[in-house]
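Shown next, in structure tokens, is the structure this report addresses.
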Amino acid sequence: MGKTVMTNDTWGQAQAELRKTVGASAFTSWIEPLRLVSLDAGIARFDVPTNFMREWVSRNYSEQIRQHLLKAGAEVERVEFVVPRVRPVPIAKVAGQPRKPGPVPAPARSDEADLPGAALDPRFTFDSFVVGKPNELAHAAARRVAEGGPVTFNPLFLYGGVGLGKTHLMHAIAHEMMARQPDLRVLYLSAEQFMYRFIQALRDKQIIDFKVLFRSVDVLLVDDVQFMAGKDSTQDEFFHTFNALIDQNKRIVISADRAPGEIKDLEERIRSRLQCGLVVDLHPTDYELRVGILQQKAEHYSHQYPGLKLAAGVLEFLAHRITTNVRVLEGALTRLFAFASLVGREITLELAQDCLADILRASDRKITIEEIQRKVSEHFSIRLSDMIGPKRTRTIARPRQIAMYLSKQLTTRSLPDIGRRFGGRDHTTIMHGVRVIEEMRVSDHQLAEDVELLRRLLES
Ligand code: ADP
Ligand code: MG
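Just so you know, we're using our numbering here: the sequence shown kicks off at 9 and counts up by one.
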């Protein structure tokens, strides 16, 4: 008895030192939860709450712990971590049914809708997901998870801007896993819903049920975790759920609108845990991907609106002009088909321009003259200062004229305005430059290509 008290004192000292060396947040996450159960024959034995923590702590902290115990006067040769056995809790208890005494029903199947997840959109499948350069990695990783093979990385963390397909991929994973293994308990929900459930459980004093339920799933998909930023108790609960599932080798997929390291007000321990798995991002779409997505949707609409004709070049035009996100792109196409079928006309470029004027205007990205000057000078390896300077040699004058031309084409600036930004040149000089390039484009293929490339770079 006295021995335990003494060792706990020693451990208390060691802890105080450890807090200083590992830092407060690592201390709270990893050291504080440890319980010294015995110090015997040179072996210090600790209880740890989960397998995951056991591995992490023994890999990262065992030597430091040993050293500090030594310093505190304990003779320790080895440190051991043990996860105490806990009694299993029947899943059926948490399904929201009245708790009857007697035999415990078999675990509910995921299609019995006992899980408090969000509904899956039936359209968001792998089949309907168009793969291109910007999303091929994310797609491959999602596929790998959905195949349900051995867990080689966990969690999968998908991130990217709005409307780039994060939710689509998560639903696709869920669909695919449920199709392959109908008995799997797959839970998809947004971080916001997670928080809502958690608060509800707190309020209704059903927090144990909440915990058990979330720990009973085989696959957990949490969308938009950036939402948890600054919500400390939700993060805390999420962290524990997360650890428990990882310990059981259960699959976790997380999405956010930015990388784990960039989510402000996210606890360090959660951040580092999220980074433990595979982190992949969805890049902004490129022109080819946008055309691919539009073609797929147009193909779909051609069944829905048989007889409706789509003129050549319309999809390319849209892919070119609407570069913001896929959701807007889809919305544009949906409206276009609906409108065309209503008025019974072929979908032409003019119809598209008419019908989508507002969307096209809103997606016009503001390209600045400074940007144009910078890109053009980079492309031709001249100094940015020469763009606005007085030099008139061909190697400088030509790129400068191209920049003037692009400024006229890609911005709404007036000629005098452009002139001012080219070192105070007269508007007639700008007009002349624009005209020179317009003419040269017809005969000079190299120049036409350069201009086209630059335009694409600037618009992407
Ligand atoms: P996020 O969750 O990243 O904001 P979503 O997954 O909700 O974006 O995608 C927005 C819309 O764009 C959805 O209708 C989705 O089906 C569609 N979408 C996004 N990327 C693709 C793609 N690569 N192929 C087909 N549709 C896509
Ligand atoms: Mg989403």
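Ideal Cβ positions, reconstructed from N, Cα and C, are used throughout, including at glycine.
Sixteen is the threshold: since fewer than 16 other Cβ atoms of the shown chains lie within 10 Å of the Cβ of Ile51, the residue is exposed.
Taking the CA atoms as reference points, Lys141 sits about 20 Å from Ala154. Under the three-state reduction of DSSP output, Ser349 falls in the helix class. Collapsing the DSSP output to three states places Ser263 in a strand. The beta carbon of Phe218 is closer than 6 Å to those of Ala209 in its chain, skipping five residues each way along the sequence. Looking from the CA of Leu357, the closest CA among Val336, Thr332 and His328 belongs to His328. The three-state secondary structure of Gly441, taken from DSSP, is helix. Under DSSP, Glu88 forms a beta bridge with Arg53. Rounded to whole angstroms, the Cβ separation of Ser198 and Ala126 is 6 Å, and the two are in contact under 8 Å. Uninterrupted alpha helix (DSSP H) stretches at least 4 residues long and entirely within the stretch 149-212 occur at 174-188 and 199-211, given in chain order. Per the coordinates, the alpha-carbon of Ala365 lies some 24 Å from the alpha-carbon of Gly169. Distances between the C-beta of Phe137 and the heavy atoms of the ligand ADP include at least one below 7 Å.
By the neighbour-count criterion, in which a residue is buried when 16 or more other Cβ atoms sit within 10 angstroms of its Cβ, Arg67 is exposed. Between Val91 and Asn59, the CB-CB gap stays under 8 Å.
Assigned with DSSP and collapsed to three states, Asp135 falls in coil, not helix or strand.
DSSP places Ile355 in the strand class (E or B) of the three-state scheme. Of the other Cβ atoms in all chains shown, fewer than 16 fall within 10 Å of the Cβ of His453; this residue is therefore exposed.
DSSP, reduced to helix, strand and coil, places Arg406 within a helical segment of the structure shown. Runs of the beta strand (DSSP E) lying entirely within the stretch 220-267, each at least 3 residues long, are 227-231 and 259-264 in chain order. DSSP places Asp273 in the coil class of the three-state scheme, outside both helix and strand. Residue list for the ligand MG: Lys174, Thr175, Asp231, Asp232 and Ser263 (CB closer than 7 Å to any heavy atom, chain order). Rounded to whole angstroms, the separation of the alpha carbons of Phe222 and Ala252 is 9 Å.
Annotation: Glu184 to Val444 spans about 57 Å, alpha carbon to alpha carbon.
By the CB criterion at 8 Å, Val299 and Leu172 fall outside the cutoff.
The closest CA to that of Gly432, considering only Leu414, Ala456 and Ile396, is found on Ile396.
Under the 8 Å Cβ criterion, the stretch 307-327 does not count as touching the stretch 449-464, having fewer than three qualifying pairs. Around the beta carbon of Ser415, a 10 Å sphere encloses 16 or more other beta carbons of the protein chains shown; the residue is thus reported as buried. By the Cβ criterion, the stretch 177-195 is in contact with the stretch 226-234, since at least three pairs of Cβ atoms, one from each stretch, lie closer than 8 Å. Counting other Cβ atoms within 10 Å of its Cβ, Leu297 reaches 16 or more and is therefore classed as buried. In the three-state reduction of the DSSP assignment, Leu44 falls in the strand class.
In the three-state DSSP reduction, Leu145 falls in the helix class (H, G or I).
Three or more Cβ pairs drawn from the stretch 403-420 and the stretch 368-381 lie within less than 8 Å of each other, which places the two stretches in contact. The DSSP-derived three-state label of Asp289 is strand. Residue environment analysis places Ser393 among the exposed positions, since fewer than 16 neighbouring C-beta atoms fall within 10 angstroms of its C-beta. Across the structure, Thr342 and Ile355 are spaced so that their CA atoms are roughly 12 Å apart. Here Ile438 is actually not in contact with Ala411; their C-beta atoms are around 10 Å apart, not less than 8 Å.
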